[in-house]
Amino acid sequence: MDVIARGKYIRMSPRKVRLVANLIAGMDVEKAKWQLTFNSKLASNNLLKILNSAIANAKENYEIDEANLKVKTVTVDGGPVLKRWMPRAQGRATPLRKGTSHVTLTLTEIVASGKAKKVKKTDDSDIIKVGTGEFDEIKDIADKKEVKEKEGSKVKKTAPKQGFASKVLNRKTGSK
3 MDVIARGKYI
13 RMSPRKVRLV
23 ANLIAGMDVE
33 KAKWQLTFNS
43 KLASNNLLKI
53 LNSAIANAKE
63 NYEIDEANLK
73 VKTVTVDGGP
83 VLKRWMPRAQ
93 GRATPLRKGT
103 SHVTLTLTEI
113 VASGKAKKVK
123 KTDDSDIIKV
133 GTGEFDEIKD
143 IADKKEVKEK
153 EGSKVKKTAP
163 KQGFASKVLN
173 RKTGSK
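If you want the numbering used here, it's the position in the sequence shown, counting the first as 1, plus 2.
In structure tokens, the structure reads:
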């Protein structure tokens, strides 16, 4: 079973984040945590947050033990680039491209536990199901209202509608 956590719009270029992401790919979760904790790169802080989020997802949604997880893949994609300008000599300006990253971290089980995903119970108290007595009563009331409306309304007969060409010609000449 795979567990996914995503970090979007991380204000660091993808090239810098990939340096650290490649270090932890394929590691056990505990080793990857230590690697990110003691790494001197700034990207390791963001990746540690994403790793902790993935571990929390595995525990909460799938009831998987942390010791049974390993990092399957870490994908770092580029996000939108902030374009800024820096003033330079003689009235010139040079562009600055401030990159952002989207990180997708996938964890997998070392030994398959066979546990299925927990299904959260939805609140269906306000939904009326077809085939129940309450639904049939509501349908009968709606049908009776529809019959009364048909009986009460008078049908007006209208003249056949004019075609497009005659409408245009009548508009230009001013006659009807």
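Here a beta-carbon is modelled for each residue, glycine too, at the ideal position from N, C-alpha and C.
From a predicted model like this one, the values you see are computed outputs, not experimental measurements.
Contact set for residue i: own chain, Cβ-Cβ below 8 Å, skip 5 residues either direction
i: GLU68; result: VAL31, GLU32, ILE57, ALA60, LYS61
i: PRO82; result: TYR11, THR102
i: ARG2; result: Since the displayed the chain opens at 3 and closes at 178, residue 2 lies outside it and no answer follows.
DSSP state of residue i mapped onto helix, strand, coil
i: SER42; result: coil
i: SER115; result: coil
i: VAL149; result: helix
Environment of residue i [buried if 16+ CB atoms lie within 10 Å]
i: MET14; result: buried
i: ALA23; result: buried
i: GLU111; result: buried
i: ILE66; result: buried
i: VAL113; result: exposed
i: ASN48; result: buried
i: VAL76; result: buried
i: LEU71; result: buried
First and last residue of the uninterrupted beta strand (DSSP E) at residue i
i: ARG99; result: 95-100
i: PRO82; result: That residue, PRO82, is in no beta strand (DSSP E); it is neither H nor E in DSSP.
Own chain, CB closer than 6 Å to residue i, minus 5 neighbours either side, in chain order
i: PRO16; result: VAL78, GLY80, SER103
i: THR39; result: none
i: MET29; result: VAL73
Sequence ranges, alpha helix (DSSP H) only - wholly within the segment 3-30, length at least 4: 16-26
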